[in-house]
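Peer 1:
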Amino acid sequence: MRQAGDRCGGKTLEPGRPLEVRRVPRRGRFLPYLALLLAPLSVAAQSAPAQRAEAMERARAHVEAQEYGAALHIYRELAAENPRDFEARIWVARLQSWQGNYREAEQGYRQVLRDAPGNFEAELGLVDVLSWQGRYGEAEERLLGLEAEYPEDTEVLLRRARLHRWRGRRKQALATYERLLALEPGNQEAQEALAALRSETRYQLAAGYFFEEFDFAGETNGQFVELLYHDLDRVWLLGRFQFQNKFDENNTRYTLGGSYRFFRRTWVRAEASLAPPNDRVIANQDYTLEITQGLHPRLAAGGSYRFLNFRDADVQVVTALVNWTLRRDLRLYVRYSPARTMFDSTGQSVWNQNGFARLEWDAHRKVSPYVLFAVGSESFAGLTAEQLGRFAAQTWGVGAEVRVTNLQGFRVGYYFQSRTRNNRQQGFSVSYFLRF
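Be aware that the sequence shown starts at 1028, since it is given in my numbering, and climbs by one per residue.
Next comes the structure, spelled out in C-alpha cells:
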C-alpha cells in the first residue's frame, strides 16, 4: 500500500483525491501487468536461497542432536525440490548409512556420482558404506584412485588407515596414521587409533574364579590361570591350568592349544587337555580340532571335532559353527553340537543334541556385554533301567568384559540352567586379565 506522498505517473497521491487517469500508449499498455505477473517470481527467486539456508541450518541442528530421522526428512525435501542440490542428496545418503541402511545409502551415493562424476564427498561416503559392509576390496579400489588424486588429503588418509587396520595390516595402519598426524596433528580419531595400535601386545595373562550351584548335587568352586600369545598376525598360542572341587572331588586340568591362519581367512585350531586318570567328574583326555573359513569379511563358518575320554565313557562331539559380525560393534556366534556317548561297561552308545547362540556388543570402548542362550538334551534310557540319565535343559547367560585401560580389565559372567524334573543349576565367574 502506498503512503501519502508516493508518486505515480508524476502525480502526488493524497488521501481522498481521485487519481487522474492518463491514456497509455498502445505499445506499452501491457507492461504494468507484465511487471505485476513477474513480481512474485522475482521475490521467490530472491527468497529461495534464504529458505534453503534456513532449512540446512535446521537439519544440521537435528544432526548435532542425533535426531537423524528429522534431519533426513528435511534433506529429502531439499533434494526433491532441486535434484541438483548435491549437498542435500549426499546428506540423505550419509544419514541412511548412519542408520544402518547401507544399500539405500550406497545407491544414493552412486546416483550422485552418476550425475556429478568425481564428487569428492560422494566418493568418500561410498568408501565408508562399502567398508561398513565389509566390502574392503571395493572400498580400497576407490580409495586408491582418490589417493592418487589427493595424496595429502587427510580424509582420504584416514579411510586408508582404517582399511589397513580392519584388514589386519598393522604396520601399514601405523604408518598411515603417523603420516596423517604429520599433516593434521589434532586429528582425534588418528590419535586414539595410533595409541590403541601401539598398545597392542603379544601376551595376555588371566586369572579367575568360578562357582557352580546345583539343587540336586554339591557345589563347584574352581580357579584357573591362563597365558595367551599372539604374534599380531597369524598365530595364537594358549596355556591354561585349572583346579576345581566338584561333587566333593578335587580335579586338576592342564590345557595347551593354538590357532593358525592359513591364507587370508582360513583358521585352524587345535587344543588338548589332560587330567589325572583317576578323576571321575571331568574328562581325563579332551582333544579338539576346529577349522573356520571366512566366507565374507563379516561371516565365517566351520566345524570341529572333539573327543572326550571319561573314566567310564567316551564322548565324541561334532560341531557346526557360524561367526557373524552383524555390525562393526555387534557379533553373533551360533553352534550346533550333536554328541555321541559310548559307555565302556555296555558298549552301547546314544546320540544327544545341543546348541547355543551368543551375542556380543561393543557398547562402549571400555565395555562389551554379551547374552547367550543354550538348549540341549541327553538321554541314556537305553543304557540305564532307571533312566536317570535322561534330561533336557535350557540355559540363559549374561556377562561383560570391562576394560579399565588398554592393558587390563575384568570379565564377569552368570548363567542359569533349568532342567526337566524341576532341577536347577546356576553359576558365575570373574577373572582379571593383563596384557603385556
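Yeah, the Cβ is synthetic: ideal placement off N, Cα and C, and Gly gets one too.
Are the segment 1086 to 1103 and the segment 1130 to 1141 touching, with three or more C-beta to C-beta distances below 8 Å?
Peer 2: Segments in contact, no.
Peer 1: Closer than 8 Å is the cut-off here; do at least three beta carbon pairs connect the segment 1315 to 1327 with the segment 1146 to 1163?
Peer 2: In short, these stretches touch, since the Cβ pair count reaches three.
Peer 1: Measure from the alpha carbon of Asp1389 to the alpha carbon of each residue in Arg1355, Arg1446, Gly1424 and Thr1247, then state which is nearest.
Peer 2: The residue labelled residue 1389 in the question sits at position 362 within the sequence shown. The option with the nearest alpha carbon to Asp1389 is Arg1355.
Peer 1: How big is the Cα-Cα spacing for Pro1110 and Arg1103?
Peer 2: Position 83 of the sequence shown, counted from the start, is the residue given in the question as residue 1110. Position 76 of the sequence shown, counted from the start, is the residue given in the question as residue 1103. C-alpha separation (whole angstroms): 10 Å.
Peer 1: Taking the continuous alpha helix (DSSP H) assigned at Ser1124, which residues delimit it?
Peer 2: Locating residue 1124 in the sequence shown gives position 97, where the first residue counts as 1. Residues Phe1113 to Trp1125.
Peer 1: If I follow the unbroken beta strand (DSSP E) through Ile1318, where does it start and stop?
Peer 2: Mapped onto the sequence shown, residue 1318 falls at position 291. Counting along the chain, the beta strand (DSSP E) containing Ile1318 begins and ends at Gln1312 to His1323.
Peer 1: Below 8 Å between beta carbons: does that hold for Val1394 and Ala1340?
Peer 2: Against the sequence shown, residue 1394 aligns to sequence position 367. Against the sequence shown, residue 1340 aligns to sequence position 313. Cβ atoms of Val1394 and Ala1340: not closer than 8 Å.
Peer 1: Under three-state DSSP, which class holds Tyr1459?
Peer 2: Counted from its first residue, the sequence shown places residue 1459 at position 432. DSSP places Tyr1459 in strand when its eight states are reduced to three.
Peer 1: Quick check: is the beta carbon of Leu1301 nearer than 8 Å to any beta carbon in chain D?
Peer 2: The structure shown has no chain D; it contains just one protein chain.
Peer 1: What are the uninterrupted segments assigned as beta strand (DSSP E) that are 3 or more residues long and contained completely in the segment 1271 to 1302, given in chain order?
Peer 2: Entirely contained in the segment 1271 to 1302, the beta strand (DSSP E) runs reaching 3 residues are, in chain order, 1276 to 1289 and 1293 to 1301.
Peer 1: Quick one: what does DSSP say Leu1259 is sitting in, helix, strand or coil?
Peer 2: For the purposes of this step, residue 1259 is taken as residue 232 along the sequence shown, with counting starting at 1. Leu1259: coil per DSSP, three-state reduction.
Peer 1: Grouping DSSP H, G and I as helix and E and B as strand, with all else coil, what is Val1139?
Peer 2: For this step, residue 1139 is matched to residue 112 along the sequence shown. If DSSP states are grouped into helix, strand and coil, Val1139 belongs with the helices.
Peer 1: Skipping 5 residues on each side, what residues in its chain have a beta carbon closer than 6 Å to that of His1100?
Peer 2: As a working mapping, residue 1100 is identified with position 73 in the sequence shown. So no residue of the chain qualifies.
Peer 1: For His1191, is the classification buried or exposed, using 16 other Cβ atoms within 10 angstroms of its Cβ as the cut-off for buried?
Peer 2: For the purposes of this step, residue 1191 is taken as the residue at position 164 of the sequence shown. Buried, because 16 or more other Cβ atoms sit within 10 Å of the Cβ of His1191.
Peer 1: For Asp1341, which of helix, strand or coil comes out of DSSP?
Peer 2: By one-based count along the sequence shown, residue 1341 stands at place 314. Of the three classes helix, strand and coil, the one that applies to Asp1341 here is strand, per DSSP.
Peer 1: In whole angstroms, what is the alpha-carbon distance linking Asn1450 and Phe1241?
Peer 2: The residue you call residue 1450 lines up with position 423 of the sequence shown. The residue you call residue 1241 lines up with position 214 of the sequence shown. Going from the Cα of Asn1450 to the Cα of Phe1241 covers about 8 Å.
Peer 1: For Arg1053, collect the residues of the same chain with a Cβ closer than 8 Å to its Cβ; drop the 5 residues on either side in sequence, then sort them by chain order.
Peer 2: Within the sequence shown, residue 1053 is the residue found at index 26, counting from 1. Because Arg1053 carries a pLDDT of 46, less than 50, the predicted location of this residue cannot be relied on, and no value is offered for it.
Peer 1: Which residue or residues does DSSP assign as beta-bridge partners of Gln1380?
Peer 2: Within the sequence shown, numbered from 1, the residue matching residue 1380 stands at position 353. Looking at the DSSP assignment, Gln1380 forms a beta bridge with Ser1404.
Peer 1: CA-CA distance, Arg1197 and Ala1188?
Peer 2: By one-based count along the sequence shown, residue 1197 stands at place 170. By one-based count along the sequence shown, residue 1188 stands at place 161. If you take the alpha carbons of Arg1197 and Ala1188, they lie about 9 Å apart.
Peer 1: If you check the beta carbons only, do Leu1359 and Gly1329 fall under 8 Å apart?
Peer 2: Your numbering for residue 1359 matches position 332 in the sequence shown. Your numbering for residue 1329 matches position 302 in the sequence shown. Not closer than 8 Å, so no.
Peer 1: Would you tell me roughly how many angstroms separate the C-alpha atoms of Gln1231 and Gly1285, rounded to the nearest one?
Peer 2: Numbered from 1 along the sequence shown, position 204 holds the residue referred to as residue 1231. Numbered from 1 along the sequence shown, position 258 holds the residue referred to as residue 1285. C-alpha separation (whole angstroms): 14 Å.
Peer 1: Looking at the ligand ATP, does it come within less than 7 Å of His1257, judged from the CB to the closest heavy atom?
Peer 2: The ligand content of the structure shown is nil, which means the ligand ATP is not present either.
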